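Novice: What follows is a structure written as structure tokens; I'll ask about it next.
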Amino acid sequence: MSTQVVHFERNFIRTAVCELRFPTLFEIDKDKPPLSLARSLRKEYPMYELQDELNVLAGRPTKSRAHLFTSRKSLWKVSLRSSAISLETSRYDSFPEFRKRLAFIVEAAKETIDSDFFTRVGLRYINAIPFNDEDIGTWINPSLVGVLSDGAYGRIQECFQRLTGLTPFGGYLFQHGLEQGESGKTGYILDYDFYCEEIAVSNVLDMVDELHSAEYSMFSRALGDRAKEYLGPSTLQKREKSNV
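Listed below in structure tokens is the structure:
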């Protein structure tokens, strides 16, 4: 079975990440990563680093470890923790490419996670819209930035909003607002994080398709005409759907 995916000449994506959580495996929280997974990832993600992390849960600091596997040019990263594995990139080109890499990660991690389901699946896109000093209402849907574009409050330096909502398959967190760059240039952040819970490993890619479709729909509604022009002409890519 195949579906069509819209692909633009450019994109605004600064970071794309998919996190797959599974029932906790305490043996992952060790100095060395699971050997079978390390071998599977070695060719595509040859750089390895052990990271110590400090988390605060219920007011108490707890330490954990993350096994980080990175591609040769550090554009793609795979992170393994005791209860999650994630794929992240700062060089997003298309969803089919991202999905293909994610399918590889899921297949490689099957033996390690020893579970037939993921407790939570999350897909997050952080977009940076470079509107600078132009009218922000031409880059972002005026319904989102009315207070910034009408000039009633002068030159606003800080403005950020957080929304949460439900979907037929889970929920989402949408954060958006101004970003002041070090060079003085102004941008606007559109940060989407869609998720679902308790998904069978065999169905996870189809679920990620649903998450991506929902995010793309909300992202499209958030753009103004100038941003749509910046994206350039779109093409349709055919993607074959298959289970892991």
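In the working numbering, the protein residues as written are 3 to 246. We put the CB at the ideal spot given by N, CA and C, even for glycine. Predicted, not measured: the structure shown is a model, and the values here were computed from it.
Give me the residue from Phe71, Leu70 and Asp54 with the minimum Cα distance to Thr64.
Specialist: For Thr64, the nearest C-alpha among the options comes from Asp54.
Novice: In the structure shown, what three-state DSSP assignment does Arg41 receive?
Specialist: helix
Novice: To the nearest whole angstrom, what separates the beta carbons of Leu27 and Ile115, a pair I think is in contact under 8 Å?
Specialist: 7 Å
Novice: DSSP puts Arg93 in a beta bridge; with which residues?
Specialist: For Arg93, which the question treats as bridged, DSSP gives no partner whatsoever.
Novice: Specify the secondary structure class of Ser215 as computed by DSSP and reduced to three states.
Specialist: helix
Novice: Does Thr26 come out as helix, strand or coil in the three-state DSSP assignment?
Specialist: It is coil, neither helix nor strand.
Novice: Can you give me the C-alpha to C-alpha distance between Ser76 and Gly172, rounded to a whole angstrom?
Specialist: Near 32 Å, if we compare the C-alpha coordinates of Gly172 and Ser76.
Novice: Lys32 by DSSP, collapsed to three states: which one?
Specialist: Lys32 sits in coil when the DSSP states are folded into three classes, being neither helix nor strand.
Novice: With DSSP run on the structure shown, which of helix, strand or coil describes Ile107?
Specialist: helix
Novice: Identify whether Lys75 lies in helix, strand or coil by the three-state DSSP scheme.
Specialist: If DSSP states are grouped into helix, strand and coil, Lys75 belongs with coil.
Novice: Please name the residue in Gly124, Arg23 and Trp141 whose C-alpha comes closest to that of Ile191.
Specialist: Trp141
Novice: Give the range of the alpha helix (DSSP H) segment to which Ile158 is assigned.
Specialist: Here Ile158 belongs to no alpha helix (DSSP H), and DSSP marks it neither H nor E.
Novice: Counting C-beta neighbours from all protein chains within 10 Å, is the total for Gly156 16 or more, i.e. buried, or is it exposed?
Specialist: exposed
Novice: At which residues does the alpha helix (DSSP H) containing Glu231 begin and terminate?
Specialist: Asp227 to Leu233
Novice: Ser265 by DSSP, collapsed to three states: which one?
Specialist: This structure cannot speak to residue 265, because the chain is shown only from 3 to 246.
Novice: In the DSSP assignment, what residue or residues form a beta bridge with Asp169?
Specialist: Reading off the sequence shown, one finds Thr at residue 169, where the question assumed Asp. Thr169 is bridged to Gly172.
Novice: Taking all protein chains shown into account, do 16 or more other C-beta atoms lie within 10 angstroms of the C-beta of Glu217, making it buried, or fewer, making it exposed?
Specialist: buried
Novice: With distance defined between alpha-carbon atoms, name the residue in Phe221, Asp33, Pro25 and Val80 nearest to His178.
Specialist: Phe221
Novice: Can you tell me which of the three DSSP states Glu11 falls into?
Specialist: coil
Novice: Apply the 10 Å Cβ neighbour rule to Phe162 and answer buried if 16 or more other Cβ atoms are within range, or exposed otherwise.
Specialist: Of the other Cβ atoms in all chains shown, fewer than 16 fall within 10 Å of the Cβ of Phe162; this residue is therefore exposed.
Novice: Are the Cβ atoms of Leu180 and Thr166 separated by less than 7 Å?
Specialist: no
Novice: Which of helix, strand or coil does DSSP assign to Glu46?
Specialist: coil
Novice: For Arg16 versus Ile128, is the C-beta distance shorter than 7 Å?
Specialist: Taking 7 Å as the Cβ cut-off, Arg16 and Ile128 qualify as a contacting pair.
Novice: Buried or exposed for Gly124, going by 16 or more other Cβ atoms inside 10 Å?
Specialist: Answer is buried; the Cβ neighbour count reaches 16.
Novice: Cβ of His178 versus every heavy atom of the ligand NAD: is any distance shorter than 6 Å?
Specialist: You won't find the ligand NAD in this model; it holds no ligand whatsoever.
Novice: Taking just the CA atoms, how far does Tyr197 sit from Glu21?
Specialist: 9 Å
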